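In the numbering used here, the protein residues as written are 2 to 242.
Everything below concerns the one structure shown next.
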Amino acid sequence: MTVELEVRIKEIESLGGDIEALVKVKDQLIRERKLDKNRSAKDIVKLNAQIDSYLSLLEEKDADIVRLKAQNVQLFSENKELKTTKSEIEEEVVKLNIKTGDLEKKVNLASRLKAENIIVAAVNSRGREREAEFRNRQLSRLKVSFNIADNKVAEAGMRDVFVQVLSPNEQVIFDIAKGSGTFELKGKEYFYTSKQDFVFNNTQQQLTYFYEKGSDYEKGIYSVKIFSDGAEIGRSTFEIK
Numbered sequence: 002m003t004v005e006l007e008v009r010i011k012e013i014e015s016l017g018g019d020i021e022a023l024v025k026v027k028d029q030l031i032r033e034r035k036l037d038k039n040r041s042a043k044d045i046v047k048l049n050a051q052i053d054s055y056l057s058l059l060e061e062k063d064a065d066i067v068r069l070k071a072q073n074v075q076l077f078s079e080n081k082e083l084k085t086t087k088s089e090i091e092e093e094v095v096k097l098n099i100k101t102g103d104l105e106k107k108v109n110l111a112s113r114l115k116a117e118n119i120i121v122a123a124v125n126s127r128g129r130e131r132e133a134e135f136r137n138r139q140l141s142r143l144k145v146s147f148n149i150a151d152n153k154v155a156e157a158g159m160r161d162v163f164v165q166v167l168s169p170n171e172q173v174i175f176d177i178a179k180g181s182g183t184f185e186l187k188g189k190e191y192f193y194t195s196k197q198d199f200v201f202n203n204t205q206q207q208l209t210y211f212y213e214k215g216s217d218y219e220k221g222i223y224s225v226k227i228f229s230d231g232a233e234i235g236r237s238t239f240e241i242k
């Protein structure tokens, strides 16, 4: 009997059930065994009655074991479903964050200003202009003009616009005394040839820059790059013969 009780106790305990009643019965049986074996007929009848009650208790606990096993199966299934649901939610959150990030990138790209109709001209000492290609004798001042393209996504407000003029060897032409300086782009510092700030209002505003040369430019193809809001917004070229 004690062996059967021990088996039930371990099984119910592993399932998280109540083992207090079985432990008490087990302890009672152990005490009974230690008593004198010389019992009267009355004691034997009483002992048999106790055994019958213990057997009934075992049957009840067997039913508890079946119930606890069923509960554990259900709990395992529910826990698995919860884990699956949690995993699906986390996956959806990741996807949503990716979509949000992609959308922000698209909005940032769409909101960038764009320089269009870029014209580079040489202005001589008499104010006459010559575009695209020219000679040093025709160049007293360099003129760069362009329009800011229509952009309904870009936020209205103050903007800094930087212009770089690069020589044929890709070096930026600059003179601090004539308004040149530096600006930051993607964490690095670069020289600019000329700079303007203006209030963007999406009316295709025109910006014009003048840069006086200090000495003759070497012959070759020059580049003009335009920057605003941390990005290049336009470029062009011209030639000095």
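Even glycine gets a Cβ: it sits at the ideal position worked out from N, Cα and C.
Quantities reported herein were computed from a predicted structural model and do not represent experimental measurements.
Boundaries of the beta strand (DSSP E) harbouring Gln207: Gln207 to Glu213, taken from the DSSP string. Within the DSSP bridge table, the entry for Tyr223 names Phe239 as partners. In the DSSP assignment, Val200 falls within the unbroken beta strand (DSSP E) covering Ser195 to Phe201.
Inclusion of Ser168 and Tyr210 in the CB contact set at 8 Å is not warranted, their separation being larger than that value. Burial state of Arg127 is exposed, judged by a 10 Å Cβ sphere holding fewer than 16 other Cβ atoms. Shown here for Gln206: same chain residues with a beta carbon closer than 8 Å to its own, the five before and five after excluded, namely Asn148, Ile149 and Phe199 in chain order. Taking 8 Å as the cut-off, the Cβ atoms of Arg113 and Ile241 do not count as close. Just so you know, the alpha carbons of Phe163 and Lys96 end up roughly 38 Å apart. When secondary structure is reduced to three states using DSSP, Lys25 falls in the helix class.
Close CB contacts of Ala116 within its chain, under the 6 Å cut and outside five residues either way in sequence, are with Phe147, Ile227, Ile234 and Gly235 (chain order).
In the DSSP assignment, Lys189 is bridged to Leu186. By DSSP's assignment, Leu167 forms a beta bridge with Val173 and Ser224. Asn152 carries a coil assignment under DSSP once its states are collapsed to helix, strand and coil.
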